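Worksheet for the structure shown next.
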Amino acid sequence: MTRRRIIVIGAGLGGLASAALLSRAGHDVTVLERNGWVGGKSRRIQVAGQRIDTGPSLVTFPAAIEKFLQRFDELGTRDSRKAREIAPLDLQRLPEVGRYFFRGQSANLPVEKGHAWKPAWDRFEAEHGPLGNHITTMLTNDPWDAAIVPAAAQLFRHYGRRLTTKKYLDGLSWMPEDLREVISIHTLNAGVAPSATLALFATMPAVMATDGVWVPTGGVNELAQMLARLAMESGASVHLDERVTSVSRRRVVTESATYEPDIIVSGLDKGVLDGLRGKKVKKSRSASCSGIAVFAVLDTELPSSVVTHSVIMPDEPDDLYASLKSRTLPAQTMAFLNYYRAGHIYPNDRPTVAILLTAPPNGKSYDLTSEFVQREMTRISGVLGLPRPLADMITDHAILHPQYFAGFGGLGGALYGESNPWWRSGPFHSPTYSSRLSPWLWRVGASVHPGGGIPAVLGGALISTNRLLRSLGNGQHRPE
Ligand SMILES: Cc1cc2nc3c(=O)[nH]c(=O)nc-3n(C[C@H](O)[C@H](O)[C@H](O)COP(=O)(O)OP(=O)(O)OC[C@H]3O[C@@H](n4cnc5c(N)ncnc54)[C@H](O)[C@@H]3O)c2cc1C
Numbered sequence: 001m002t003r004r005r006i007i008v009i010g011a012g013l014g015g016l017a018s019a020a021l022l023s024r025a026g027h028d029v030t031v032l033e034r035n036g037w038v039g040g041k042s043r044r045i046q047v048a049g050q051r052i053d054t055g056p057s058l059v060t061f062p063a064a065i066e067k068f069l070q071r072f073d074e075l076g077t078r079d080s081r082k083a084r085e086i087a088p089l090d091l092q093r094l095p096e097v098g099r100y101f102f103r104g105q106s107a108n109l110p111v112e113k114g115h116a117w118k119p120a121w122d123r124f125e126a127e128h129g130p131l132g133n134h135i136t137t138m139l140t141n142d143p144w145d146a147a148i149v150p151a152a153a154q155l156f157r158h159y160g161r162r163l164t165t166k167k168y169l170d171g172l173s174w175m176p177e178d179l180r181e182v183i184s185i186h187t188l189n190a191g192v193a194p195s196a197t198l199a200l201f202a203t204m205p206a207v208m209a210t211d212g213v214w215v216p217t218g219g220v221n222e223l224a225q226m227l228a229r230l231a232m233e234s235g236a237s238v239h240l241d242e243r244v245t246s247v248s249r250r251r252v253v254t255e256s257a258t259y260e261p262d263i264i265v266s267g268l269d270k271g272v273l274d275g276l277r278g279k280k281v282k283k284s285r286s287a288s289c290s291g292i293a294v295f296a297v298l299d300t301e302l303p304s305s306v307v308t309h310s311v312i313m314p315d316e317p318d319d320l321y322a323s324l325k326s327r328t329l330p331a332q333t334m335a336f337l338n339y340y341r342a343g344h345i346y347p348n349d350r351p352t353v354a355i356l357l358t359a360p361p362n363g364k365s366y367d368l369t370s371e372f373v374q375r376e377m378t379r380i381s382g383v384l385g386l387p388r389p390l391a392d393m394i395t396d397h398a399i400l401h402p403q404y405f406a407g408f409g410g411l412g413g414a415l416y417g418e419s420n421p422w423w424r425s426g427p428f429h430s431p432t433y434s435s436r437l438s439p440w441l442w443r444v445g446a447s448v449h450p451g452g453g454i455p456a457v458l459g460g461a462l463i464s465t466n467r468l469l470r471s472l473g474n475g476q477h478r479p480e
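Structure representation (structure tokens):
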């Protein structure tokens, strides 16, 4: 094997994962990141001395992390330390996926005993819950790999001809309509409406209930820290606060240096990469949703009935989907409240909340006094039956909004980048890892696997990096 000089642009989860695998395989890897932290959208901040994650809040499909770690271990020499010894990651399973509030009713997922939705949920989970391993296979294997075929066949025999999430769920006449809405709104976790995603996405909440939703002890940014440690332990260097300003054939220019690598791996949004290559960026790209997120420290714990992850749905989900499409603020939105008591998951001595409001990708900025934010916080406080309005309990806060998220790739702050038509959603997005025209340039990250969050980003990094290593004749083990 010839040791190649590889520049990875972006220390988001995608860039870091690929840097870890490539350096473990023996290459000379440098990661260039414009910001002063590792993790990109998965960022850790301090508010009044309390640690809060501002990006992803839940880890789903933990088997994707396992597959990544296995591959990392395989790429080492016989004497190399294993991933878990270098950077242990302790995932804690939450007791429920979340508590869902909709039109005056509420239920946990999985639905609890005695609830009117219980029989329908149990039937749904029994059918869809066991499909997690097939989805993981599709997320972590090359689309051309033979392993994909039986997994896809197993999945798609469930949906018949009802190929979008909406059509599939509408056809389940035995399921109460409100439960159908609760399941279908999960597609917004991938940034798009149920009519714009493959039926496969209907399966996700059942898999999340069966396989669990998880948070690393210390917070989700621990995953980014782990990836960075694996990369650096394998010899990669990670340069923070070094913004790339242009990318051309085997040449990467930053604000302070010029690099001449053999190979470039981009963990950037497609539009950002096109801009850096001097290409015209398509303006009309359809976008996934954005968000307004308030990260706050509270003066008191919330009532014991408030679970870690609450989902407060709008009364009319269709109106929300229409608003997001037209990029206008909705009358009511899908809101998440992530609540951590002092000492739970995070090393904090005060309670914290993250209030995440689904918002259109309009590139605007909002603060705590914005009418939409105030209105939704009042609604959340009422729906959860809090003794005092949330706004009165907040002692300190930070807020992020579409304008901030737009910094990661434009499109008005779309959290999951460009959205595809439903037949190209999820695993059928026809990812461009590399092209014959520019074999020196490889891509990883959310823009190659839109809508999938952490598992898709890790799976995509695995697939793309494996292809790259194979093309270098370096697919198996690092030479001793
Ligand atoms: C609010 C929010 C909630 C989410 N919730 C979940 C969740 O609960 N579960 C889940 O699985 N997923 C969730 N996600 C999605 C998940 O965070 C993303 O899919 C994932 O973090 C994307 O990683 P990435 O590496 O592809 O991109 P990014 O994190 O965007 O990484 C790209 C990196 O490139 C850097 N960069 C950009 N331009 C340059 C330049 N010119 N020079 C150098 N560096 C540059 C950026 O600073 C960034 O660090 C959420 C996302 C958000 C924003």
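Just so we're aligned, residue 1 is where the sequence shown starts under my numbering, counting upward by one. From the three backbone atoms N, C-alpha and C, an ideal C-beta is built for every residue, glycine too. Predicted model, so just to flag it, every value in this text is computed and none were measured.
For residue 121, the three-state secondary structure derived from DSSP is helix. If you draw a straight line from the Cα of residue 53 to the Cα of residue 249, it is about 36 Å long. Under a 10 Å Cβ-count criterion, residue 133 is classified as exposed, with fewer than 16 other Cβ atoms of the shown protein chains found around its own Cβ.
According to the DSSP assignment, residue 332 belongs to no beta strand (DSSP E), since it is labelled neither H nor E. Sixteen is the threshold: since fewer than 16 other Cβ atoms of the shown chains lie within 10 Å of the Cβ of residue 149, the residue is exposed. At a threshold of 6 Å, residue 408 counts as near ligand 1, since its beta carbon sits closer than that to one of the ligand's heavy atoms.
By the Cβ test, the region 9-21 is in contact with the region 228-242, since at least three Cβ pairs between them sit closer than 8 Å. Residue 134: member of the alpha helix (DSSP H) spanning 132-140, first to last residue. When C-beta atoms of the region 317-335 are compared with those of the region 66-81, fewer than three pairs fall below 8 Å, so the two segments do not count as touching. Counting every other CB atom within 10 Å of its CB across the protein chains shown gives residue 443 a total of 16 or more, marking it as buried. Of the residues assessed, residue 260 falls on the exposed side of the cut-off, its CB having fewer than 16 other CB atoms within 10 angstroms. Ligand 1 has no heavy atom closer than 6 Å to the beta-carbon of residue 281. Ranked by Cα distance from residue 368, the first of 294, 306, 386, 379 is 294. Taking the Cβ of residue 13 as the reference point, at least one heavy atom of ligand 1 falls within a distance shorter than 6 Å. When beta bridges are read from the DSSP output, residue 101 appears opposite 106, 312.
When the five nearest sequence neighbours on each side are left out, the beta carbons in the same chain lying within less than 8 Å of the beta carbon of residue 412 are those of 287, 290, 327, 360, 361, 362, 363, 402, 406, in order along the chain.
In this structure, the beta-carbon distance from residue 298 to residue 333 does not fall below 7 Å. According to DSSP, residue 443 shares a beta bridge with 266.
Residue environment: residue 258 is assigned as exposed (fewer than 16 neighbouring CB atoms within 10 Å of its CB, all protein chains considered).
Three or more beta-carbon pairs separated by less than 8 Å link the region 309-321 to the region 87-100, which places the two stretches in contact.
Taking the Cα positions, residue 175 is about 31 Å away from residue 449. The straight-line gap separating the alpha-carbon atoms of residue 110 and residue 214 is approximately 15 Å. For residue 464, the enclosing alpha helix (DSSP H) begins and ends at 453-471.
If you check the C-beta of residue 460 against ligand 1, you find no heavy atom less than 6 Å away.
If you ignore the 5 residues before and after residue 5, its C-beta comes within less than 6 Å of the C-beta of 28, 261, 262, all in its own chain and listed in chain order. Here the region 266-276 does not lie against the region 45-60, with fewer than 3 beta-carbon pairs under 8 Å apart. Distances from the CB of residue 438 to the heavy atoms of ligand 1 are all 6 Å or more. By the 16-neighbour rule on beta-carbons within 10 angstroms, residue 144 is exposed. Secondary structure of residue 23 (DSSP, three-state): helix.
Three or more Cβ pairs drawn from the region 113-129 and the region 171-190 lie within less than 8 Å of each other, which places the two stretches in contact. In this chain, the beta strand (DSSP E) harbouring residue 237 covers 237-239. In this structure residue 455 is not in contact with residue 203, their Cβ atoms being roughly 14 Å apart against a cut-off of 8 Å. With a cut-off of 6 Å, the C-beta of residue 291 is classified as near ligand 1, since at least one heavy atom of the ligand falls inside that distance. Short of 7 Å from the beta carbon of residue 229, and not among the five residues preceding or following it, lie these beta carbons of its own chain, in chain order: 86, 87. If the five residues before and after residue 345 are omitted, its C-beta is found closer than 6 Å to the C-beta atoms of 215, all from its own chain and listed in chain order. Sorting 473, 350, 206 by C-alpha distance to the C-alpha of residue 124 places 206 at the top.
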